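Undergrad:
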Ligand code: GTP
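Residue numbers (our numbering): 225 to 469.
#1: According to DSSP, is residue 345 part of a helix, a strand, or is it coil?
#2: Closer than 6 Å: is that where the CB of residue 463 sits relative to any heavy atom of ligand 2?
#3: Could you give the DSSP three-state label for residue 225: helix, strand or coil?
#4: Check whether the segment 287-305 touches the segment 350-358, taking contact to mean three or more Cβ pairs, one atom from each stretch, closer than 8 Å.
#5: Please look up how many angstroms separate the CB atoms of residue 467 and residue 265, rounded, as I've assumed it's under 8 Å.
#6: For the segment 265-309, list the beta strand (DSSP E) runs that are entirely contained and at least 3 residues long, ordered along the chain.
#7: Rounded to whole angstroms, what's the CA-CA distance from residue 393 to residue 253? Just pull it up for me.
#8: Using alpha carbons as the reference points, say which of 430, 346 and 352 lies closest to residue 386.
#9: Identify the residues that DSSP records as bridge partners of residue 255: which are they?
#10: Can you tell me which of 257, 443, 299 and 345 puts its alpha carbon nearest to the alpha carbon of residue 269?
#11: Can you give the Cα-Cα distance for residue 304 and residue 297, rounded to whole angstroms?
#12: Determine the direct distance from the alpha carbon of residue 272 to that of residue 307, and round the result to whole angstroms.
#13: Does DSSP put residue 375 in a helix, a strand or coil?
#14: Mapping the DSSP letters down to three states, classify residue 242 as helix, strand or coil.
#15: For residue 247, name the three-state secondary structure that DSSP assigns.
#16: For residue 391, does the three-state DSSP call read helix, strand or coil?
#17: Closer than 6 Å by C-beta to residue 413: which residues in its own chain qualify, once you throw out the five before and the five after it? Chain order, please.
#18: Are residue 397 and residue 248 touching if we call contact CB-CB under 7 Å?
#19: With DSSP run on the structure shown, which of helix, strand or coil describes residue 315?
#20: Using a threshold of 7 Å, state whether the C-beta atoms of residue 406 and residue 257 are closer than that.
#21: Among residues of its own chain, excluding the 5 on either side of residue 312, which ones have a beta-carbon nearer than 6 Å to its beta-carbon?
#22: Is residue 255 near ligand 1 - that is, is its Cβ less than 6 Å away from at least one heavy atom of it?
#23: Quick one: what's got a C-beta closer than 7 Å to residue 326's C-beta in the same chain, skipping five residues either side?
#24: For residue 366, does the three-state DSSP call read helix, strand or coil?
#25: Using the Cα positions of residue 420 and residue 436, report the straight-line distance between them to the nearest angstrom.
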């Protein structure tokens, strides 16, 4: 892979864990229980990708596919202020699309390719270097219920992720997907950080980050199954300005 770039998360320790941030030409999966910070990190990366290169950004824009209506313009403004970029501009550089069901969500990733191509051709537009899918799995879980639907769900998800990978390769962009899992305190024997129902994304998410709550604003990110980086943990906080140490 050539010309890989990174988008910093805003937390120093978190970025160290990732050797600089999330990578282009790669899917990064954030998984964890509700409130563990998945959506906040997605918002922060959609802001940070816009930062000038001197400040660690890619001077680019983001496409944000929102499946649970959790995108918050006001939160983007706070985070933009936190890194010192114009709030309205920060919002303009995030193309938000609401996905109403899993088929629509899949279609939106194809549309994302068209939009990113248009941005490439436009002189004033910033190139798209981040594709967020928050949440990757919620519609699929709701629509494909029960054992009988498992194979089809998996097949659709695979196809969906292949489109996302294609996007990252076409535009040298990063993809960030979120996946809510219940923490499993009953898993005395298994690894409690393994999602119930197994690793549904398989080997396709190149970087997998397991997030868990700690005290107060503190969160812990654990890098799991990384191809080239050591496994490890990093602490970050979610405060008014966004993701920090
Ligand atoms: P689900 O979408 O429910 O799976 O959770 P998630 O993992 O996406 O959690 P999310 O990223 O929404 O994190 C929620 C947490 O972020 C809250 O519990 C707060 O601690 C923090 N948070 C959210 N919004 C704000 C905000 O505006 N200011 C501050 N300081 N913290 C916030």
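All C-beta atoms, glycine included, are put in the ideal place defined by N, C-alpha and C.
Only a predicted model underlies this, so the values are computations on that prediction, with no experimental measurement involved.
TA: Per the coordinate set shown:
#1: Mapped onto the chain shown, residue 345 falls at position 121. Helix at residue 345.
#2: In the structure shown, ligand 2 is absent; the only ligands present are ligand 1.
#3: As a working mapping, residue 225 is identified with position 1 in the chain shown. Coil, per DSSP.
#4: Between the segment 287-305 and the segment 350-358, the count of C-beta pairs closer than 8 Å reaches three or more; the two stretches touch.
#5: Counting from 1 along the chain shown, the entry for residue 467 is found at position 243. Counting from 1 along the chain shown, the entry for residue 265 is found at position 41. Contact holds; Cβ gap of about 6 Å.
#6: Runs of the beta strand (DSSP E) spanning 3 or more residues and lying entirely within the segment 265-309 occur at 285-290, in chain order.
#7: The residue labelled residue 393 in the question sits at position 169 within the chain shown. The residue labelled residue 253 in the question sits at position 29 within the chain shown. If you draw a straight line from the Cα of residue 393 to the Cα of residue 253, it is about 17 Å long.
#8: One-based indexing of the chain shown puts residue 386 at position 162. The candidate whose alpha carbon is nearest that of residue 386 is 430.
#9: Here residue 255 is taken as the residue at index 31 of the chain shown, counted from 1. In DSSP, residue 255 forms a bridge with 403 and 434.
#10: Taking the first residue of the chain shown as position 1, residue 269 is located at position 45. Closest by alpha carbon: 299.
#11: In the chain shown, the residue the question calls residue 304 occupies position 80. In the chain shown, the residue the question calls residue 297 occupies position 73. Roughly 10 Å between the two C-alpha positions.
#12: Taking the chain shown and counting its residues from 1, the one referred to as residue 307 is at position 83. Taking the chain shown and counting its residues from 1, the one referred to as residue 272 is at position 48. Their Cα atoms are separated by approximately 8 Å.
#13: Along the chain shown, one-based indexing puts residue 375 at 151. Here DSSP, grouped into helix, strand and coil, assigns residue 375 to helix.
#14: Counted from its first residue, the chain shown places residue 242 at position 18. In the structure shown, residue 242 sits in coil (DSSP, three-state: anything other than H, G, I, E or B).
#15: Walking along the chain shown from the start, residue 247 turns up at place 23. Secondary structure of residue 247 (DSSP, three-state): strand.
#16: Numbered from 1 along the chain shown, position 167 holds the residue referred to as residue 391. Here DSSP, grouped into helix, strand and coil, assigns residue 391 to helix.
#17: Residue mapping note: residue 413 aligns to position 189 of the chain shown, counting from 1. Because the pLDDT at residue 413 is just 48, under 50, the model does not fix this residue reliably, and the value given afterwards should be weighed accordingly. Annotation for residue 413: no residue places its beta carbon closer than 6 Å to its own, counting only its chain and skipping 5 residues before and after.
#18: Here residue 397 corresponds to residue number 173 of the chain shown, with the count starting at 1. Here residue 248 corresponds to residue number 24 of the chain shown, with the count starting at 1. It is a contact, given that the beta carbons lie within the stated cut-off.
#19: On the chain shown, residue 315 is found 91 positions in, with the first residue counted as 1. Collapsing the DSSP output to three states places residue 315 in a helix.
#20: Locating residue 406 in the chain shown gives position 182, counting from the first residue. Locating residue 257 in the chain shown gives position 33, counting from the first residue. Judged by their CB atoms, residue 406 and residue 257 are nearer to each other than the 7 Å cut-off.
#21: In the chain shown, residue 312 corresponds to position 88, counting from 1. Taken in chain order, the list of residues that qualify is empty.
#22: Sequence index remark: in the chain shown, residue 255 carries index 31 (1-based). No, the Cβ of residue 255 stays beyond 6 Å of every heavy atom of ligand 1.
#23: Taking the first residue of the chain shown as 1, we reach residue 326 at position 102. Excluding sequence neighbours, residue 326 sits near 363, 364, 367 and 380.
#24: As a first step, residue 366 must be located in the chain shown, where it is residue number 142. In this structure, residue 366 counts as helix in the three-state DSSP scheme.
#25: For the purposes of this step, residue 420 is identified with residue 196 of the chain shown, where counting begins at 1. For the purposes of this step, residue 436 is identified with residue 212 of the chain shown, where counting begins at 1. Because residue 420 carries a pLDDT of 46, less than 50, the predicted location of this residue cannot be relied on, and no value is offered for it.
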